[in-house]
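Reviewing the structure listed below.
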Amino acid sequence: MANNFTHIGLLQHGAVEAGDVFCGELETPLSKLGWKQLKQAFGRSGADWDAVITSPRMQCAAFAEWFSQKHDLPLVRDERLREIHFGEWEGCTPQEVMATHPEQLAEWWVNPAQVSPPGAEGFGEFRARVLDAWMDLGRAYRGERVLVVTHAGVIRVILAHVLQMSDERLLALNIEYGALTRLRVLRDRSGEWASLLAHGCG
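Throughout the sequence shown, residue numbering follows full-length UniProt numbering, covering 1 to 202 in sequence.
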(Lines of atoms letter the chains of each structure in order from A and count residues from 1; the text may use other names and numbers.)
(Lines give C-alpha, C1' and ligand atoms only; values in the text may rest on other atoms or scores of the structure.)
Protein backbone atom coordinates (compact mmCIF):
# COMPACT_ATOMS: atom_id res chain seq x y z
CA MET A 1 0.00 0.00 0.00
CA ALA A 2 2.80 2.46 0.90
CA ASN A 3 4.23 2.33 -2.63
CA ASN A 4 0.90 3.45 -4.06
CA PHE A 5 1.02 6.79 -2.26
CA THR A 6 2.14 9.88 -4.13
CA HIS A 7 4.37 12.07 -1.98
CA ILE A 8 4.00 15.72 -2.99
CA GLY A 9 6.11 18.65 -1.87
CA LEU A 10 4.51 22.06 -2.39
CA LEU A 11 7.31 24.62 -2.53
CA GLN A 12 6.49 28.31 -2.28
CA HIS A 13 8.85 30.29 -4.51
CA GLY A 14 11.44 32.55 -2.88
CA ALA A 15 11.39 36.31 -2.39
CA VAL A 16 11.08 38.31 -5.63
CA GLU A 17 12.62 41.52 -6.93
CA ALA A 18 9.22 43.25 -7.04
CA GLY A 19 8.96 42.96 -3.26
CA ASP A 20 5.85 42.14 -1.24
CA VAL A 21 3.25 43.04 -3.86
CA PHE A 22 0.12 41.33 -5.15
CA CYS A 23 1.69 39.16 -7.81
CA GLY A 24 -0.51 36.85 -9.85
CA GLU A 25 0.01 37.49 -13.56
CA LEU A 26 3.01 39.71 -12.88
CA GLU A 27 6.29 38.21 -14.05
CA THR A 28 9.04 39.08 -11.58
CA PRO A 29 12.39 37.32 -11.10
CA LEU A 30 13.60 35.90 -7.84
CA SER A 31 15.72 38.30 -5.81
CA LYS A 32 19.18 37.31 -4.56
CA LEU A 33 17.53 36.52 -1.24
CA GLY A 34 14.94 34.37 -3.02
CA TRP A 35 17.62 32.28 -4.73
CA LYS A 36 19.48 31.94 -1.44
CA GLN A 37 16.34 30.77 0.37
CA LEU A 38 15.67 28.05 -2.18
CA LYS A 39 19.22 26.85 -2.78
CA GLN A 40 19.99 26.61 0.92
CA ALA A 41 16.89 24.54 1.52
CA PHE A 42 16.80 22.36 -1.61
CA GLY A 43 20.01 22.69 -3.59
CA ARG A 44 21.37 19.32 -2.44
CA SER A 45 18.15 17.34 -2.05
CA GLY A 46 17.67 15.99 -5.56
CA ALA A 47 17.60 12.40 -4.33
CA ASP A 48 14.35 13.16 -2.49
CA TRP A 49 12.35 13.61 -5.71
CA ASP A 50 11.41 11.78 -8.91
CA ALA A 51 10.00 14.75 -10.87
CA VAL A 52 9.53 18.51 -10.74
CA ILE A 53 6.29 20.31 -11.67
CA THR A 54 6.23 24.10 -11.84
CA SER A 55 4.05 27.10 -12.41
CA PRO A 56 5.20 28.79 -15.64
CA ARG A 57 5.76 32.12 -13.84
CA MET A 58 9.46 33.01 -13.77
CA GLN A 59 9.58 33.29 -9.97
CA CYS A 60 8.81 29.55 -9.90
CA ALA A 61 10.12 28.25 -13.23
CA ALA A 62 13.66 29.65 -12.89
CA PHE A 63 14.42 27.63 -9.77
CA ALA A 64 12.52 24.58 -11.05
CA GLU A 65 14.64 24.59 -14.22
CA TRP A 66 17.88 24.98 -12.25
CA PHE A 67 16.92 22.26 -9.77
CA SER A 68 15.73 19.75 -12.39
CA GLN A 69 18.87 20.22 -14.51
CA LYS A 70 21.18 19.97 -11.50
CA HIS A 71 19.63 16.68 -10.40
CA ASP A 72 18.66 15.30 -13.83
CA LEU A 73 14.95 15.24 -13.05
CA PRO A 74 12.06 15.53 -15.53
CA LEU A 75 10.40 18.95 -15.51
CA VAL A 76 6.79 19.78 -16.40
CA ARG A 77 5.25 23.27 -16.60
CA ASP A 78 1.59 23.37 -15.64
CA GLU A 79 -0.47 26.50 -16.37
CA ARG A 80 -3.02 25.45 -13.76
CA LEU A 81 -0.46 26.10 -11.00
CA ARG A 82 -0.37 29.87 -11.68
CA GLU A 83 -1.28 32.22 -8.84
CA ILE A 84 -4.71 33.86 -8.94
CA HIS A 85 -4.87 37.03 -11.05
CA PHE A 86 -5.28 39.99 -8.69
CA GLY A 87 -6.74 42.35 -11.29
CA GLU A 88 -6.22 46.04 -10.48
CA TRP A 89 -4.17 45.10 -7.41
CA GLU A 90 -1.42 43.51 -9.50
CA GLY A 91 1.98 45.02 -8.64
CA CYS A 92 0.61 46.97 -5.65
CA THR A 93 1.58 46.48 -2.03
CA PRO A 94 -1.18 45.88 0.54
CA GLN A 95 -0.32 49.30 1.97
CA GLU A 96 -0.97 50.96 -1.40
CA VAL A 97 -4.33 49.22 -1.76
CA MET A 98 -5.20 50.14 1.83
CA ALA A 99 -4.53 53.80 1.06
CA THR A 100 -6.93 53.86 -1.90
CA HIS A 101 -9.49 51.09 -1.21
CA PRO A 102 -9.40 50.28 2.52
CA GLU A 103 -12.90 48.79 2.74
CA GLN A 104 -12.36 46.59 -0.30
CA LEU A 105 -9.08 45.25 1.08
CA ALA A 106 -10.59 44.62 4.51
CA GLU A 107 -13.46 42.64 2.98
CA TRP A 108 -11.01 40.57 0.94
CA TRP A 109 -8.90 39.74 4.01
CA VAL A 110 -12.03 38.53 5.83
CA ASN A 111 -13.38 36.43 2.95
CA PRO A 112 -11.07 36.02 -0.07
CA ALA A 113 -13.32 33.30 -1.50
CA GLN A 114 -16.27 35.70 -1.86
CA VAL A 115 -14.58 39.07 -2.43
CA SER A 116 -12.36 39.67 -5.47
CA PRO A 117 -10.26 42.71 -6.45
CA PRO A 118 -11.64 44.66 -9.44
CA GLY A 119 -10.82 42.84 -12.67
CA ALA A 120 -9.45 39.79 -10.87
CA GLU A 121 -9.88 36.13 -11.68
CA GLY A 122 -12.88 34.68 -9.90
CA PHE A 123 -12.02 32.53 -6.91
CA GLY A 124 -14.22 29.66 -8.09
CA GLU A 125 -12.39 29.49 -11.41
CA PHE A 126 -9.01 29.66 -9.64
CA ARG A 127 -9.92 26.93 -7.17
CA ALA A 128 -11.25 24.66 -9.92
CA ARG A 129 -8.07 24.80 -12.01
CA VAL A 130 -5.80 24.29 -8.99
CA LEU A 131 -7.73 21.25 -7.75
CA ASP A 132 -7.83 19.86 -11.29
CA ALA A 133 -4.01 19.94 -11.26
CA TRP A 134 -3.99 18.39 -7.77
CA MET A 135 -6.17 15.49 -8.90
CA ASP A 136 -3.90 14.83 -11.87
CA LEU A 137 -0.80 14.73 -9.63
CA GLY A 138 -2.20 11.82 -7.64
CA ARG A 139 -3.14 9.91 -10.78
CA ALA A 140 -0.11 10.59 -12.99
CA TYR A 141 2.62 10.15 -10.36
CA ARG A 142 1.29 7.26 -8.31
CA GLY A 143 4.02 5.88 -6.04
CA GLU A 144 6.40 8.74 -6.88
CA ARG A 145 7.79 11.79 -5.10
CA VAL A 146 6.98 15.06 -6.84
CA LEU A 147 8.26 18.56 -6.08
CA VAL A 148 5.75 21.23 -7.09
CA VAL A 149 7.13 24.79 -7.30
CA THR A 150 4.23 27.20 -7.07
CA HIS A 151 2.60 30.15 -5.28
CA ALA A 152 1.07 30.82 -1.87
CA GLY A 153 -2.52 30.95 -3.14
CA VAL A 154 -2.18 27.61 -4.90
CA ILE A 155 -0.75 25.98 -1.78
CA ARG A 156 -3.55 27.41 0.36
CA VAL A 157 -6.25 26.03 -1.94
CA ILE A 158 -4.70 22.54 -1.90
CA LEU A 159 -4.22 22.59 1.88
CA ALA A 160 -7.80 23.75 2.45
CA HIS A 161 -9.02 20.89 0.26
CA VAL A 162 -6.92 18.25 2.04
CA LEU A 163 -7.76 19.55 5.53
CA GLN A 164 -11.42 20.17 4.63
CA MET A 165 -11.18 23.81 5.68
CA SER A 166 -13.66 26.40 4.53
CA ASP A 167 -12.35 28.62 1.75
CA GLU A 168 -13.11 31.66 3.89
CA ARG A 169 -10.22 30.62 6.19
CA LEU A 170 -7.58 30.48 3.44
CA LEU A 171 -5.59 33.48 4.64
CA ALA A 172 -5.24 31.89 8.08
CA LEU A 173 -2.69 29.57 6.45
CA ASN A 174 0.73 31.22 6.60
CA ILE A 175 2.92 30.40 3.59
CA GLU A 176 6.48 31.72 3.87
CA TYR A 177 8.87 32.28 0.96
CA GLY A 178 10.92 29.14 0.32
CA ALA A 179 8.85 26.97 2.68
CA LEU A 180 7.91 23.39 1.84
CA THR A 181 4.63 21.66 2.59
CA ARG A 182 4.71 17.85 2.38
CA LEU A 183 1.59 15.83 1.60
CA ARG A 184 0.82 12.20 0.91
CA VAL A 185 -2.09 11.15 -1.29
CA LEU A 186 -3.60 7.90 -2.48
CA ARG A 187 -6.25 8.12 -5.18
CA ASP A 188 -8.14 5.25 -6.79
CA ARG A 189 -11.63 4.51 -8.10
CA SER A 190 -13.12 4.60 -4.60
CA GLY A 191 -11.83 8.05 -3.68
CA GLU A 192 -8.95 10.09 -2.30
CA TRP A 193 -7.00 9.71 0.92
CA ALA A 194 -4.65 12.60 1.61
CA SER A 195 -2.73 13.65 4.70
CA LEU A 196 -0.50 16.54 5.70
CA LEU A 197 2.98 15.33 6.71
CA ALA A 198 4.70 18.67 7.37
CA HIS A 199 4.02 22.35 6.76
CA GLY A 200 6.43 25.25 6.45
CA CYS A 201 9.60 23.18 6.62
CA GLY A 202 12.81 23.82 4.73
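Here a beta-carbon is modelled for each residue, glycine too, at the ideal position from N, C-alpha and C.
Everything numeric in this text was worked out from a predicted model, so none of it was measured.
Which one of the options has the shortest CA to CA distance from residue i?
{"i": "glycine 87", "options": "Phe123, Gly191 and Leu131", "result": "Phe123"}
{"i": "glutamine 59", "options": "Asp48, Tyr141, Ala51 and Lys32", "result": "Lys32"}
{"i": "tyrosine 141", "options": "Gly24, Gly34, Asp167 and Trp49", "result": "Trp49"}
{"i": "glutamate 168", "options": "Thr150, Gln40, Trp108 and Leu197", "result": "Trp108"}
{"i": "alanine 120", "options": "Leu159, Arg189, Trp35 and Phe22", "result": "Phe22"}
{"i": "isoleucine 8", "options": "Leu159, Asn174, Thr93 and Gly91", "result": "Leu159"}
Under the assumption that residue i contacts residue j (Cβ atoms under 8 Å), give the Cβ distance between them as a whole number of angstroms.
{"i": "glutamine 12", "j": "glycine 178", "result": "7 Å"}
{"i": "alanine 51", "j": "glutamate 144", "result": "6 Å"}
{"i": "arginine 80", "j": "arginine 139", "result": "Actually they do not touch by this definition, with Cβ atoms about 14 Å apart."}
{"i": "leucine 180", "j": "alanine 41", "result": "7 Å"}
{"i": "alanine 62", "j": "leucine 75", "result": "12 Å between Cβ atoms; not a contact."}
Using 10 angstroms around the beta-carbon of residue i, count the other beta-carbons present and answer buried if the total reaches 16, otherwise exposed.
{"i": "threonine 6", "result": "buried"}
{"i": "alanine 172", "result": "exposed"}
{"i": "proline 29", "result": "exposed"}
{"i": "asparagine 4", "result": "exposed"}
{"i": "leucine 147", "result": "buried"}
{"i": "leucine 197", "result": "exposed"}
Measure the Cβ-Cβ separation of residue i and residue j and say whether it is below 7 Å.
{"i": "proline 112", "j": "leucine 170", "result": "yes"}
{"i": "leucine 26", "j": "isoleucine 155", "result": "no"}
{"i": "arginine 184", "j": "serine 195", "result": "yes"}
{"i": "isoleucine 53", "j": "aspartate 78", "result": "yes"}
{"i": "glycine 153", "j": "glutamate 83", "result": "yes"}
{"i": "histidine 85", "j": "leucine 131", "result": "no"}
{"i": "proline 56", "j": "tryptophan 89", "result": "no"}
{"i": "valine 97", "j": "leucine 105", "result": "yes"}
{"i": "arginine 127", "j": "valine 157", "result": "yes"}
With DSSP collapsed to three states, give me the class of residue i.
{"i": "serine 68", "result": "helix"}
{"i": "tryptophan 49", "result": "coil"}
{"i": "threonine 181", "result": "strand"}
{"i": "histidine 85", "result": "coil"}
{"i": "glutamate 176", "result": "coil"}
{"i": "glutamate 107", "result": "helix"}
{"i": "aspartate 136", "result": "helix"}
{"i": "residue 261", "result": "With the chain covering only 1 through 202, there is no way to say anything about residue 261."}
{"i": "leucine 38", "result": "helix"}
{"i": "leucine 171", "result": "helix"}
{"i": "leucine 75", "result": "strand"}
{"i": "glutamine 95", "result": "helix"}
{"i": "glutamine 59", "result": "helix"}
For chain D, check one thing: does any of its Cβ atoms lie closer than 7 Å to the Cβ of residue i?
{"i": "alanine 61", "result": "Absent from the structure: chain D. Only one protein chain is present."}
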